[in-house]
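What follows is a set of notes on a single structure, which appears directly below.
In full-length UniProt numbering, the protein residues as written are 1 to 313.
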């Protein structure tokens, strides 16, 4: 999966090593260089696959923490590329799953201004990391995910340690084995992507592996918290024309109703997909809302409770 290393210091993170496969990449034909980069990116998927057992443990713990603590938050921590990937993942949870905006937070080295422009030495400031965690009032029930490709970033390590001391569920993700970051968290995930095509440029396959892993973690958490039904984002709020059409398609897909019936069902429940599905299957509006409320907002359980019968796919 990973490449051979040169005679670098044993303490050097794998992500900083030189990969001899890419010697001379600067004078190769463009097509050849692109193919080499693509092959390296494919190694990111293999690294994630190898980490599935650890991802599984982290997801189960995070889901349980957020299920049993209705005000628990997902907190993403990182510097540079890792911090930006965390913000990208977290910012999509509200439009996709209707995850409350007050249940997601970010601790970025250098602050949110560092999303667009690097802030020098911000990743070394452990005090700011600890203060940020304290100001967020991190507590039991929160899930704090810290990422750093090298696994040595002082800011992220300090934030995870402080969050763990405060009782949060902590997940550390690094792309180097035996990284200090992995020891700082309760649940550690090593994505062993090895050396980059451009030595040290962890926006490449290390970043790809982190992006995949965060997508999987947050998506599986949302599945576990009943925001997904048969691969559909049934808690999505239809806020524009494209999403209204998507909502109607979901209602039609699950219930087998026609376009007009889907529109009427959605209008009856202010555009909410879950109760609209129940209404399109024959439930009354009040009964639909009550069934969801009594079944932890689980659409499948609500369908059973109301003795409804969606058509088989």
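C-beta atoms are modelled at their ideal positions from N, C-alpha and C, and glycine is treated no differently.
Remember, it's a predicted structure, so these values are computed and weren't measured experimentally.
With a beta-carbon spacing of about 5 Å, residue 168 and residue 144 fall inside the 8 Å limit used to define contacts.
Within the region 22-55, not a single complete beta strand (DSSP E) segment reaches 3 residues in length. Approximately 18 Å separates the beta-carbon atoms of residue 181 and residue 212; this is outside 8 Å, ruling out the contact. Per the coordinates, the alpha-carbon of residue 38 lies some 9 Å from the alpha-carbon of residue 205.
In this model, residue 200 and residue 171 are separated by some 23 Å (Cα to Cα). Restricted to the region 223-295, the alpha helix (DSSP H) segments that are unbroken, complete and at least 4 residues in length are 241-255, 259-268, 273-280, 285-294, listed in chain order. Shown here for residue 16: same chain residues with a beta carbon closer than 6 Å to its own, the five before and five after excluded, namely 200 in chain order. For residue 216, DSSP records no beta bridge to any residue. DSSP places residue 152 in the coil class of the three-state scheme, outside both helix and strand.
Its chain contains 280 as the residues whose beta carbon lies nearer than 6 Å to that of residue 257, once the 5 sequence neighbours on both sides are disregarded; these appear in chain order. In this structure, residue 109 lies near residue 123, with their beta-carbon atoms less than 7 Å apart. Apart from sequence neighbours up to five positions away, the residues of its chain that approach residue 94 with a beta-carbon distance below 7 Å are 101, ordered along the chain.
With 16 or more other Cβ atoms inside 10 Å of its own Cβ, residue 74 counts as buried. When the beta-carbon positions are compared, residue 187 and residue 50 stay at least 7 Å from each other. Each of 220, 270, 230, 118 was checked against the Cα of residue 67, and the nearest Cα belongs to 220. Annotation: the continuous beta strand (DSSP E) that includes residue 170 extends over 169-174. In this structure, the straight-line span from the alpha carbon of residue 24 to that of residue 153 is close to 30 Å.
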